[in-house]
Structure formats: structure tokens, C-alpha cells
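Have a look at the structure below before the remarks.
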Amino acid sequence: GTLDKHVELEKLVARFLGVEDAMVFGMGFATNSMNIPALVGKGCLILSDELNHTSLVLGARLSGATIRIFKHNNIQSLEKLLRDAIIYGQPRSHRAWRKIIILVEGIYSMEGSIVRLPEIVSLKKKYKAYLYLDEAHSIGAVGATGRGVVEYFGMSPDDVDVLMGTFTKSFGAAGGYIAGKKDLVDFLRTHSHSAVYATSMCPPVAEQIIRAMKCLMGLDGTTQGLQRVHQLGKNTRYFRRRLHEMGFIIYGNDDSPVVPLLLYMPGKIGAFARRMLEKNIGVVVVGFPATPITESRARFCVSAAHTREMLDTV
1 GTLDKHVELE
11 KLVARFLGVE
21 DAMVFGMGFA
31 TNSMNIPALV
41 GKGCLILSDE
51 LNHTSLVLGA
61 RLSGATIRIF
71 KHNNIQSLEK
81 LLRDAIIYGQ
91 PRSHRAWRKI
101 IILVEGIYSM
111 EGSIVRLPEI
121 VSLKKKYKAY
131 LYLDEAHSIG
141 AVGATGRGVV
151 EYFGMSPDDV
161 DVLMGTFTKS
171 FGAAGGYIAG
181 KKDLVDFLRT
191 HSHSAVYATS
201 MCPPVAEQII
211 RAMKCLMGLD
221 GTTQGLQRVH
231 QLGKNTRYFR
241 RRLHEMGFII
251 YGNDDSPVVP
261 LLLYMPGKIG
271 AFARRMLEKN
281 IGVVVVGFPA
291 TPITESRARF
301 CVSAAHTREM
311 LDTV
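First residue of the sequence shown? That's 1 in the UniProt record's numbering, and the numbers climb one at a time after it.
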């Protein structure tokens with residue numbers, strides 16, 4: 001059911017993002033995998049980045065739409081697919097596509113790279129497509145006030161048709177949200193499987209997100225949230241610089257708090273994780289099939305709570 005806490009949270013999310021309306025869900029993975037099939041279907045075209053998260057991939061497959069993949073963050077590759085989609089239309093019939101939607105992430109979870117949002121928005125407008133932006137790793141982490149990659153690039157939330165994010169990273173809770181135009185959210189309330197059939201977010205979790213978001217927005221009467229966003233930026237740049245100085249190969253944007261460190265051989269990742277754990281450092285190690293077989297890596301996630309001493313220990 002829907003309680004007053006859920007309504008309060010949805011209004012707060014919409015206010016935080018600067019959009020008309022928002023809707024929250026109890027599970028972040030299902031926010032993608034269950035909502036994409038409600039937005040597109042047969043006769044629609046999905047253009048997906050090759051390094052998109054599994055939840056986006058599953059949602060695209062469940063939708064029944066035609067899926068085409070473009071090279072990671074490659075604007076030329078995306079434009080070629082868009083141009084071909086407009087010129088040739090659907091296979092066999094050559095009818096125009098009912099809908100073309102571009103699926104991208106704000107910060108890519110295994111690469112640490114930031115989406116080239118201005119160029120993608122420009123293409124979206126040029127070819128009259130829709131844009132679905134997954135901000136799971138970027139909301140609360142980048143941008144002057146933690147409002148994600150839209151703020152990071154100084155763009156308007158109206159430039160993105162569907163804003164998605166999760167509460168499992170910056171907000172220390174669980175669940176996810178979809179935000180955008182009121183018409184979009186109203187449609188999903190009646191057509192999304194995760195809205196109609198899933199259980200609502202439990203009230204204590206909703207309250208945790210509300211408190212964290214109010215802190216980030218400064219509605220708690222302090223500047224603690226803003227200080228943490230700035231501290232995270234400093235920690236991220238410092239940590240990346242130190243790893244570079246030590247000679248490690250790391251991926252991603254300098255402002256991304258997701259820091260993948262290349263280990264290459266799959267046999268190394270278990271030993272690396274155990275060695276780090278002995279030093280009381282928790283890291284995520286990732287190998288095939290989540291990454292190419294010769295590009296196994298350790299993923300560090302930098303926090304505002306980390307001190308310079310902690311980062312130097314690594």
C-alpha cells in the first residue's frame with residue numbers, strides 16, 4: 001500500500017531533481033528491469049550502451065523491442081544507429097519505429113566513466129528520440145550539490161525524458177525511483193509491473209531516504225550534506241591521483257567516485273581481495289563475465305567519510 005511516508009518521499013525526490021513528479025520502488029534492480037517493458041514494446045527500438053548494467057539489459061530484453069548496441073560512450077556509433085533507424089525504419093516492413101529510446105548510465109559501474117550527456121541530448125533532440133538515464137552511481141555523488149550528471153554538465157532535467165536512480169549508494173538505503181513529467185509517472189503507476197504487483201518500500205527505509213535527502217538538500221538546517229558532496233569530490237581526485245603516481249592503470253573520469261583498478265588476470269582477483277582484507281580494506285573484485293576475461297579488476301568506491309590516512313593505507 002501507499003503510506004504518507006511514500007508520498008512525502010516521492011514529492012521530495014521530484015523537488016530534489018527539479019522535475020514534475022517521481023515514483024519510488026522497493027528494489028533498485030527491478031526499477032530498471034520492470035519499468036522499461038512498460039515504456040517500450042514491439043515495434044520500438046532501444047539503443048543501448050554496450051557497457052550498460054544488467055538491469056537495463058534485462059529490462060530491454062523483457063520489453064520485446066528491437067535492441068541495437070552502440071560502442072561505449074561513442075557518439076559517432078550512436079549517431080550512425082539513429083540515422084539508420086530513421087532512414088530504413090523497421091526490418092522487412094520499413095515502417096517508421098513507434099518509438100526510439102536511448103539507454104545510458106550516469107556513471108558506469110564497472111568503468112567509472114561519466115556519460116557524454118550534452119552530446120547525447122543533442123542527438124536525442126536532432127533525431128526525435130527519447131532518453132532514459134540511469135543515475136544509480138551518480139546521484140548524490142557528482143554535481144555541485146549532488147544532483148547527478150545532469151547538474152554536473154549544467155543541463156536542465158527537462159532534457160532527459162526518464163530519470164532513474166537508486167537509493168542504495170548515496171542514501172544508504174534500498175530501492176529506486178523513476179522521475180520526469182507527471183504524465184510519465186502517472187502512466188507508470190498503472191502500467192508498470194513493479195508498481196502494480198510489487199510490495200511497497202517499507203516505511204523505515206523511506207524515512208531513512210527522506211532524512212538523507214533532506215541533509216543533502218540542506219533542509220535539516222545544516223550544510224553537512226553539501227560539505228560531504230565537496231569532501232567526496234576531494235577524496236575522489238586525491239585517491240585517483242595517488243594511484244596514478246603509484247603506477248597503477250585505472251579507468252574512468254577523474255570526478256567519478258567509482259575507481260576500477262586493472263588486475264588483468266582472473267587468477268589474481270581472489271588473492272588481491274584476500275590480501276586487502278588482511279589489511280582491513282574492503283574492495284569489490286570483478287572478473288568474467290562481468291568484465292572481459294583479460295580485464296579483471298578491483299573496484300574501489302570512495303566515500304566522503306574516508307580520511308586521507310585511510311586512502312593512503314590503500
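Cβ atoms here follow ideal geometry from the backbone N, Cα and C, with glycine treated the same way.
Between the options, which lies nearest to residue i when the distance is taken from Cα to Cα?
i    : options                : result
K169 : R68, T66, S138         : S138
L232 : E135, A305, A136       : A305
K99  : S109, R92, G64         : G64
D158 : H244, T291, V19        : V19
D254 : Y152, I209, L133, A14  : Y152
R15  : W97, F239, L216        : L216
L131 : E119, A212, F239, V142 : E119
L62  : Q76, L78, G41          : G41
G218 : V57, R147, H6, K234    : R147
A136 : V115, E105, V162       : E105
K126 : L82, S93, P91          : L82
R92  : L39, G43, G225, I114   : G43
H193 : T145, V205, P37, M310  : P37
G175 : F187, T2, F25          : F25
E302 : E295, M310, S296       : First, the amino acid is wrong: residue 302 is Val here, not Glu. Here the closest residue by C-alpha is M310.
D4   : D312, F272, R242, P204 : P204
N73  : L117, L226, F288, G89  : L117
L39  : V7, R68, T190          : T190
M155 : H230, V121, G1         : V121
R237 : Q227, K181, S256       : S256
L17  : I114, V149, R68, L226  : V149
Please classify residue i: does DSSP put it in a helix, a strand, or coil?
i           : result
M34         : coil
E111        : coil
V285        : strand
residue 318 : Nothing can be reported for residue 318, as the shown portion of the chain is limited to 1 through 314.
S192        : coil
R83         : helix
R95         : coil
R116        : coil
Verify whether the separation of the beta carbon atoms of residue i and residue j is less than 7 Å.
i    : j    : result
L261 : F248 : yes
L51  : T66  : no
S33  : G59  : yes
I102 : A141 : no
V162 : D21  : no
V258 : G112 : yes
L9   : I178 : no
H6   : A206 : yes
F272 : A298 : yes
Compute the beta-carbon to beta-carbon distance between residue i and residue j, rounded to the nearest angstrom, for a pair I have assumed lies under 8 Å.
i    : j    : result
G28  : T166 : 4 Å
M213 : L47  : The pair is not a contact, with the Cβ atoms about 31 Å apart (cut-off 8 Å).
T31  : M201 : Not quite, the Cβ-Cβ distance comes to about 11 Å (not below 8 Å), so this is no contact.
Is the Cβ of residue i closer than 7 Å to any Cβ of chain C?
i    : result
Y177 : Of the chains in the structure shown, none is chain C; there is only one protein chain.
Every unbroken beta strand (DSSP E) inside the segment 198-278 [3 residues or more]: 258-264
Completely contained beta strand (DSSP E) runs for the segment 118-189, where each covers 3 or more residues: 130-134, 162-166, 176-180
In chain order, each alpha helix (DSSP H) run of at least 4 residues that lies wholly inside the segment 1-76: 4-17, 28-33, 36-39, 54-63
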